[in-house]
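Asker: Under this note's numbering, read the sequence shown as residues 156 to 390, first letter to last.
Think of the CB as a built atom: it goes at the ideal place given N, C-alpha and C, for glycine as much as any other residue.
These figures come from a predicted structure and were not determined experimentally.
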Amino acid sequence: MCENTSYAMPRIGDKAPEFKAVTTQGEINFPSDYSGSWVILFSHPADFTPVCTSEFMTFASMEKQFNEANCKLVGLSVDGLYSHIAWLRTIKEKIEYKGMKNVEVNFPLIEDITMEVARTYGMLQPGESSTKAVRAVFFIDPKGIIRTIIYYPLSLGRNFDELYRVLIGLQTADAFSVALPADWRPGDDVIVPPAGSCGVAKNRMEGKEDMKCYDWFFCTKKLDKEKVLKTVLKK
Numbered sequence: 156m157c158e159n160t161s162y163a164m165p166r167i168g169d170k171a172p173e174f175k176a177v178t179t180q181g182e183i184n185f186p187s188d189y190s191g192s193w194v195i196l197f198s199h200p201a202d203f204t205p206v207c208t209s210e211f212m213t214f215a216s217m218e219k220q221f222n223e224a225n226c227k228l229v230g231l232s233v234d235g236l237y238s239h240i241a242w243l244r245t246i247k248e249k250i251e252y253k254g255m256k257n258v259e260v261n262f263p264l265i266e267d268i269t270m271e272v273a274r275t276y277g278m279l280q281p282g283e284s285s286t287k288a289v290r291a292v293f294f295i296d297p298k299g300i301i302r303t304i305i306y307y308p309l310s311l312g313r314n315f316d317e318l319y320r321v322l323i324g325l326q327t328a329d330a331f332s333v334a335l336p337a338d339w340r341p342g343d344d345v346i347v348p349p350a351g352s353c354g355v356a357k358n359r360m361e362g363k364e365d366m367k368c369y370d371w372f373f374c375t376k377k378l379d380k381e382k383v384l385k386t387v388l389k390k
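1) Within 10 angstroms of its Cβ, does D234 collect 16 or more other Cβ (buried), or is it exposed?
2) Taking the beta carbon of E210 as the centre, do at least 16 other beta carbons fall within 10 Å, making it buried, or is it exposed?
3) Applying the criterion that 16 or more other CB atoms from any shown protein chain within 10 Å of the CB defines a buried residue, is S281 buried or exposed?
4) Should T208 go down as buried or exposed, given a rule of 16 or more other Cβ atoms within 10 Å for buried?
5) Between R302 and the rest of its own chain, which residues show a CB-CB distance below 6 Å, the 5 nearest in sequence each way excluded?
6) Curious, which full-length alpha helix (DSSP H) runs of at least 4 residues does the region 234 to 315 contain?
7) Residue range of the alpha helix (DSSP H) that T213 falls in?
8) Just curious, the beta strand (DSSP E) that V399 is in, first and last residue?
9) What is the DSSP secondary structure of E223, counted as helix, strand or coil?
10) Under DSSP, the beta strand (DSSP E) around D370 begins and ends at which residues?
11) Thinking just about the alpha-carbon of each residue, which of P200, D316, H199 and R274 is nearest to the one in E218?
12) Go ahead and pull the three-state DSSP assignment for V345.
13) Given this structure, state the Cα-to-Cα distance separating A241 from D344, to the nearest angstrom.
14) Which residues in the same chain have their Cβ closer than 8 Å to the Cβ of D202, if we skip the five residues on either side of it in sequence?
15) What is the DSSP secondary structure of G168, counted as helix, strand or coil?
16) Which same chain residues, not among the five before or five after E158, have their C-beta less than 6 Å away from its C-beta?
17) Quick check on L196: does DSSP put it in helix, strand or coil?
18) Residue range of the beta strand (DSSP E) that E182 falls in?
19) Around the Cβ of E266, are there at least 16 other Cβ atoms within 10 angstroms (buried) or fewer (exposed)?
20) Identify whether V321 lies in helix, strand or coil by the three-state DSSP scheme.
21) Excluding sequence positions up to five away, which residues of its chain have a Cβ less than 6 Å from the Cβ of V292?
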């Protein structure tokens, strides 16, 4: 691969770039192997590093929670397969952190020693490091479309409550055709689409519709937590 090859970073709304890779769970064809499921594809800088270890333990401990929301986890770093295997074994056999111990990582961790996948997905940020992937997170929907992209630097571990909130929020927005306000969590009011006519706007402002309007363009309605979770979670 020529080092001068340029890569267009994927964007929200793009189809997730396809690749075939060796992982700790066998070979995968991405994203076709995950058709019908949400996927969180995330990169980490290196095996046997403390921040990454804390993140993998957290992701593994939350894997069931993500799976119940129809979401699969796929990790990546530019380390080799045997390094991945040794590191994950060390995590299970030796590391205890914040009450987590004997943590087994069952989701695939991609070997990317050529950095081909990392380059394709814009996970290499030369200003941060030209040899290690930053902490990139791609949320990919069941149709293989990128819906959210989040980047963290090497020095800052990810907020996993926020990653889960984003997943549930994306599914909620899709299922109920709504938008979600700042700091939204299941059970909070949701934002209804803007009024499409003067008549609808007038009715909303006069309280003729079942919603709360702060002005003609900003209206919310209640959406029960139980209804949200019943819709997005597999029980």
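Answerer: In short, the structure shows the following:
1) buried
2) buried
3) The sequence as given places Pro at residue 281; Ser does not occur at that position. Under this definition P281 is an exposed residue.
4) buried
5) So the qualifying residues of the chain are F294, D296 and L325.
6) 236 to 249 and 271 to 275
7) P205 to S216
8) Nothing about residue 399 can be reported from this structure: the residues present for the chain run from 156 to 390 only.
9) Helix at E223.
10) K367 to D370
11) D316
12) Taken through DSSP and simplified to helix, strand or coil, V345 comes out as strand.
13) 46 Å
14) S232, D234, S238, H239, A241 and W242
15) DSSP places G168 in coil when its eight states are reduced to three.
16) Note that E158 scores 49 on pLDDT, short of 50, meaning its location in the model is unreliable and no value can be drawn from it.
17) strand
18) From DSSP, the beta strand (DSSP E) with E182 extends over G181 to F185.
19) buried
20) helix
21) Closer than 6 Å at Cβ, skipping near neighbours: F197 and I305.
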